[in-house]
Structures are given as structure tokens and as C-alpha cells.
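Read left to right, the sequence shown gives residues 1 to 182 (UniProt numbering). Ideal Cβ positions, reconstructed from N, Cα and C, are used throughout, including at glycine. Here the structure is laid out as C-alpha cells; the discussion comes afterwards.
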Amino acid sequence: MNEFGLVPVLETERLLLRGHQTSDFPESASMWADPKVVAHISGVPSSYEQSWSRLLRYTGHWHHLGFGYWAVISKEDGSFLGEVGFADYHRDTEPSLKGKPEAGWALNVRSQGKGVATEAVAAMLVWADANLKQTHTSSMFDPSHVASINVAKKVGYKKKVLGRYGDQETLFMERERQTPGS
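Right under this line is the structure:
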């Protein structure tokens with residue numbers, strides 16, 4: 001246990017990944033309201049209310065499932081850069097993601113294109129490899145979201161299938177847990 005509750009704190013050269021605090025909410029809400037951030041995620045900016053529910057959902061994941069999302073913080077200046085983590089949204093997808101924590105990430109626009117996502121996602125996967133009981137994690141993308149697909153490939157995700165989420169064509173990727181030396 002630490003000052004951020006159930007959420008382990010992860011550090012990289014430039015980043016601190018920690019549990020969300022209520023003081024992160026304004027920056028998180030601003031990020032999720034930005035049409036550029038959500039263009040390849042939902043396509044629809046989130047309301048303040050929806051962003052608040054998302055923040056609470058992150059906390060619930062850690063409490064009930066032992067995994068969830070981290071706030072990504074700059075070690076240089078303490079600023080909020082985005083969010084990365086794992087979830088089980090019980091999505092109605094084809095193929096099913098049941099039993100595979102779903103990796104996801106979102107960064108504010110000023111943090112994109114600087115290697116922040118790759119650095120943060122790599123750190124959370126090191127944690128996952130050591131702590132998750134599941135042998136695989138999954139991720140899903142709008143097939144046109146080249147930047148996030150490239151991040152996924154860099155950290156070991158492989159294309160599984162082109163499937164569906166709702167009425168949208170969706171790229172499903174999967175990563176097998178890594179063991180030391182692999």
C-alpha cells in the first residue's frame with residue numbers, strides 16, 4: 001500500500017505512473033474532451049460527468065480486479081500527461097476479450113509523438129508480466145489509429161484478428177506474458 005492506495009507506483013526515466021488523485025480530474029477531463037484525443041477511440045468527446053465516471057471506474061478496477069489504470073505524470077515538472085492501464089469492460093466484442101485484461105492508453109495532445117506512450121506502456125507491461133495471473137493481455141484499435149497500433153507492436157502486441165466492436169470494424173491484438181530472459 002502506498003499514498004495512492006491499491007495502485008502500485010511505477011517509474012521510468014521520464015515518467016511516474018501512479019494511481020489517480022482527484023486533483024488529476026481537471027486535466028483528465030480536459031484530455032477526454034479533446035476531439036483530437038478521442039478521434040480514434042470513441043470519436044466523441046467525453047462530458048465532464050462521463051470523465052468523472054471514468055476516473056471512478058479506474059479506482060474500481062484496482063479494488064475489485066487487482067489491475068487498472070495509472071495516471072501518467074512527468075517527472076520533470078509533475079504535469080499530467082495521460083492515462084495507461086488495463087481494464088475489463090465486459091465489452092460485447094467479436095472476438096470476445098473475456099479473461100484477457102484489455103490494455104489501453106490515452107495521452108493529452110502535447111504529450112503525443114514524444115515516445116511517452118511507448119515508455120509508459122512498456123512499464124505497465126513489466127508490471128503485468130510480474131503480477132497478472134492471466135497469460136495474455138489484449139488491446140483493440142480503430143484500424144486507422146496507426147500511432148497506437150505502432151506503440152502496441154513496439155511493446156510486443158501482435159495482430160490477432162480484424163473483428164467488430166458494436167458496428168465498428170476493430171483490430172484486436174494480443175500479447176503473451178513475458179518471462180525473464182524471453
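Heavy atom of the ligand ATP within 8 Å of Val126 beta-carbon: Of ligands this structure carries none, so the ligand ATP is not represented either.
With 16 other Cβ atoms within 10 Å as the buried cut-off, status of Glu11: So Glu11 ends up on the exposed side.
Cβ-based neighbour list, Glu169, same chain, cut-off 7 Å, excluding 5 preceding and 5 following: Pro143, Leu162
Proximity to residue 235 [Cα-Cα], best of Arg18, Ala103, Gly156: Residue coverage of the chain in this structure runs from 1 to 182, which leaves residue 235 outside it and unanswerable.
6 Å CB neighbourhood of Glu3 in its chain, flanking five on each side removed: Low confidence applies to Glu3: its pLDDT is 46, below 50, so where it sits in the model is not reliable, and the reading given next is rough at best. Sequence-distant Cβ neighbours of Glu3 in its own chain, meaning closer than 6 Å and more than five residues away, do not exist here.
Opposing strand residues paired with Phe25 [DSSP bridges]: Answer is none; Phe25 lacks a bridge partner.
Distance between beta carbons of Ala128 and Ser139, contact taken as under 8 Å: Contact flag wrong, Cβ pair sits at about 12 Å.
Top-ranked residue by Cα proximity to Val83, from Val72, Asp77, Leu56, Ser30: According to the sequence shown, residue 83 is Glu rather than Val. Here the closest residue by C-alpha is Val72.
Trp70 versus Leu17: straight-line alpha-carbon distance, rounded: 5 Å
Cβ neighbour criterion (16 or more within 10 Å) applied to residue 183: There is simply no residue 183 to check, as the chain begins at 1 and stops at 182 in what is shown.
Inter-residue spacing [alpha-carbon to alpha-carbon] between Met124 and Leu171: Near 21 Å, if we compare the C-alpha coordinates of Leu171 and Met124.
Residues bridged to Tyr165 [DSSP beta-bridge criterion]: Thr93, Gln168
Distance between His63 and Leu97 (C-alpha atoms, nearest Å): 21 Å
Complete beta strand (DSSP E) runs within the segment 99-159 (minimum length 3 residues, chain order): Correct list: 102-107, 136-141.
Among Pro101, Lys75, Leu81, the one whose alpha carbon lies nearest that of Ala87: For the residues Pro101, Lys75, Leu81, the minimum Cα distance to Ala87 belongs to Pro101.
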